[in-house]
Structure formats: C-alpha cells, structure tokens
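Asker: Residue numbers (my numbering), protein chains in the order written: chain E, -19 to 95; chain A, 492 to 604. To start, I am sharing the structure in question, which I have written as structure tokens.
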Amino acid sequence: DTGVSQDPRHKITKRGQNVTFRCDPISEHNRLYWYRQTLGQGPEFLTYFQNEAQLEKSRLLSDRFSAERPKGSFSTLEIQRTEQGDSAMYLCASSYSSGRGETQYFGPGTRLLVL
Amino acid sequence: AQTVTQSQPEMSVQEAETVTLSCTYDTSESDYYLFWYKQPPSRQMILVIRQEAYKQQNATENRFSVNFQKAAKSFSLKISDSQLGDAAMYFCAYREGAQKLVFGQGTRLTINP
Chain E
-19 DTGVSQDPRH
-9 KITKRGQNVT
1 FRCDPISEHN
11 RLYWYRQTLG
21 QGPEFLTYFQ
31 NEAQLEKSRL
41 LSDRFSAERP
51 KGSFSTLEIQ
61 RTEQGDSAMY
71 LCASSYSSGR
81 GETQYFGPGT
91 RLLVL
Chain A
492 AQTVTQSQPE
502 MSVQEAETVT
512 LSCTYDTSES
522 DYYLFWYKQP
532 PSRQMILVIR
542 QEAYKQQNAT
552 ENRFSVNFQK
562 AAKSFSLKIS
572 DSQLGDAAMY
582 FCAYREGAQK
592 LVFGQGTRLT
602 INP
C-alpha cells in the first residue's frame, strides 16, 4: 500500500516540550496539506504546500507552529513549547493538482497528548 | 468565509435499510466541489463521494448517492442497504479551487444489526 503515511501515530509530551511530526505523501503528489482535528470535531486546515512552497497558512497556525516540505517530498510539522490546547489529532493529506477535481487522500494521523 | 453545517450529530439505522445524512454550506462562489468523507473509529479518513458544483447530475458510487441542491446549498448523502461496515463518522466538506477543505462537524452513524 502506498498511501499517505504519518509518523509517529501517537505522541505524549509534557507542556513546554517541542514535538515534530512527519508526513510522507503518496508518491508524485505535489500538494500536501496539514489539518488539526480535536475530539468530536471536523478537521481544520492548518497549512498547505505545492511542491516545496508553503502557499497558505491558517490563522490557527501560531508562531509556535512551523511546517516544512524540503525537496517537495515529505513534510514535517513542528510545535514548539507545546500547550495543553495543542492536544489533537494532526492529519496530513496529499493530492495531485490536475487542474480540476483533485482529491485529497488522508493519512492515519498523529494523535498528540500534551500533559 | 465558507462554512459547512451538519445538523445531525448522530444517526442510527437498521442494517439493510436506507439513511440520509444532511449537509448545508454557505458560499458566494459558483464553481466548487463538495465531498463526503468517512472516518471509521481509529482509522483514517477515506473519500466516499464527491460532487462538482457545475454538474447538475447527482453523483453516485455504488450504495452511496448524493442529493445536490445548488440553489438551496444542500448536499445530503444517502446510504442504501446499510452495512455494519458503514458505521463511522461522516464529514461533509467543501473545496473551492485548489484550496483547503472546509469540513462540517460530522455525523456519527451507527448501524443496528
């Protein structure tokens, strides 16, 4: 299976620590998205990349959050000085831009718990 | 900003029966896409069906079909012959162009055997 993969699947950290998540998109997908999903809610957009360029960032993405996609392949999402409010599922999705009708395919997510 | 509303937090249906999940959205655009995603417990989100706003014909994928009412900004999902494996959270989502998905709050669907 060559779907979207995310690592780690679960992360428990103490408040104030830094965490980094990784997303590997479907091969040849040039767009990559990060979403955050809190319990009982729908995912909320954080940021997206086309190739290595970060094209949009949500207001949800405070200055403690940073995302990168070097070489337009995998992406990392780092949260510095974590807070309890950062506890959520972090979802990655990828797609191939084809002009119209692209579909985003989601990974299994990284569940973060900040103690 | 675009919004997506799912007014049914929970729904249940007997196995083999039909259920309809509701979704409304708000946009001033005429060209956009609508999606239904399924998120089984502790499993990843998968696409169920999608609809392009410029197409008047309702999308269908096997047992899943939509009722797309563009003027009313309504996009409901009908699941026919419900199966136990259909139990999941269902999310309605909107996308305009090459942009992010905007999701509704979700509907938890339970299938009763």
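Beta carbons: idealized from backbone N, C-alpha and C, even for Gly. The structure displayed is predicted, hence computed values, not measured ones.
Report the neighbours of E/G22 on chain A: residues whose CB is nearer than 7 angstroms to its CB, in chain order.
Answerer: Counting from one through the first sequence, the residue named residue 22 of chain E turns up at place 42. Result: F582, F594, G595, Q596, G597.
Asker: CA-CA distance, E/Q(-3) and E/V94?
Answerer: Indexing the first sequence from 1 puts residue -3 of chain E at position 17. Indexing the first sequence from 1 puts residue 94 of chain E at position 114. Computed Cα separation, rounded: 9 angstroms.
Asker: Ignoring anything shorter than 3 residues, give me the beta strand (DSSP E) runs that lie fully in the stretch 20 to 63 of chain E, in order along the chain.
Answerer: 24 to 30, 33 to 37, 45 to 48, 55 to 59
Asker: State whether the stretch 50 to 68 of chain E contacts the stretch 492 to 509 of chain A, with contact taken as three or more CB pairs (one from each stretch) at a distance under 8 angstroms.
Answerer: The answer is no - the stretch 492 to 509 of chain A does not touch the stretch 50 to 68 of chain E, with fewer than three Cβ pairs under 8 angstroms.
Asker: Which runs of the beta strand (DSSP E) fall wholly inside the stretch 503 to 538 of chain A and span at least 3 residues, in chain order?
Answerer: 510 to 512, 515 to 517, 524 to 530
Asker: Is the CB-CB distance between E/L26 and E/R16 below 7 angstroms?
Answerer: Locating residue 26 of chain E in the first sequence gives position 46, where the first residue counts as 1. Locating residue 16 of chain E in the first sequence gives position 36, where the first residue counts as 1. Taking 7 angstroms as the Cβ cut-off, E/L26 and E/R16 qualify as a contacting pair.
Asker: Closest Cβ-Cβ distance between A/Q493 and chain E: below 7 angstroms?
Answerer: Counting from one through the second sequence, the residue named residue 493 of chain A turns up at place 2. At a cut-off of 7 angstroms between beta carbons, A/Q493 makes no contact with chain E.
Asker: Just by C-beta distance, which residues in the stretch 530 to 542 of chain A are closer than 8 angstroms to chain E?
Answerer: R534, Q535, M536, I537, L538, R541
Asker: Between which two residues does the beta strand (DSSP E) harbouring A/A579 extend?
Answerer: Position 88 of the second sequence, counted from the first residue, corresponds to residue 579 of chain A. It spans 579 to 586 - the beta strand (DSSP E) in which A/A579 sits, taken as one unbroken run.
Asker: Out of curiosity, what's the CA-to-CA distance linking E/E24 and A/V593?
Answerer: Locating residue 24 of chain E in the first sequence gives position 44, where the first residue counts as 1. Locating residue 593 of chain A in the second sequence gives position 102, where the first residue counts as 1. Going from the Cα of E/E24 to the Cα of A/V593 covers about 7 angstroms.
Asker: Can you tell me which residues form a DSSP beta bridge with E/K(-9)?
Answerer: The residue labelled residue -9 of chain E in the question sits at position 11 within the first sequence. DSSP, once it has assigned bridges, lists E/L92 as partnering E/K(-9).
Asker: Which stretch, first to last residue, makes up the beta strand (DSSP E) that contains E/S74?
Answerer: Within the first sequence, residue 74 of chain E is the residue found at index 94, counting from 1. That run of the beta strand (DSSP E) goes 68 to 75.
Asker: According to DSSP, which residues form a beta bridge with A/E543?
Answerer: Start at 1 with the first residue of the second sequence, and residue 543 of chain A comes out as number 52. BP columns for A/E543 point to A/Y524.
Asker: List the residues of chain A that E/T56 touches, going by C-beta distances under 8 angstroms, in chain order.
Answerer: Indexing the first sequence from 1 puts residue 56 of chain E at position 76. Those within 8 angstroms of E/T56 in chain A number zero; the least Cβ separation is about 19 angstroms.
Asker: For A/Y545, count neighbouring C-beta atoms within 10 Å of its own C-beta (all shown protein chains included) and say buried if the count is 16 or more, exposed if not.
Answerer: In the second sequence, counting from the first residue as 1, residue 545 of chain A sits at position 54. With fewer than 16 other Cβ atoms within 10 Å, it is exposed.
Asker: How far does the beta strand (DSSP E) with E/D4 in it extend, from its first residue to its last?
Answerer: One-based indexing of the first sequence puts residue 4 of chain E at position 24. Its beta strand (DSSP E) spans residues -1 to 4.
Asker: Sorted by chain position, which residues of the same chain lie with C-beta nearer than 6 angstroms to A/T511's C-beta, five sequence neighbours on each side aside?
Answerer: Mapped onto the second sequence, residue 511 of chain A falls at position 20. So the qualifying residues of the chain are S567, K569.
Asker: Below 8 angstroms, can you find three or more Cβ-Cβ pairs linking the stretch 70 to 87 of chain E to the stretch 518 to 536 of chain A?
Answerer: yes
Asker: What residues in its chain sit with their C-beta under 6 angstroms from that of E/P5, if we drop five residues either side in the sequence?
Answerer: Your numbering for residue 5 of chain E matches position 25 in the first sequence. The answer, listed in chain order, is V(-16), L12, S74.
Asker: 7 angstroms is my cut-off, CB to CB: does E/T83 come that close to chain A?
Answerer: For the purposes of this step, residue 83 of chain E is identified with residue 103 of the first sequence, where counting begins at 1. It does; some Cβ of chain A falls within 7 angstroms.
Asker: Which residues in chain A have a C-beta closer than 7 angstroms to the C-beta of E/G89? List them in chain order.
Answerer: Taking the first residue of the first sequence as 1, we reach residue 89 of chain E at position 109. In chain order: Q535.
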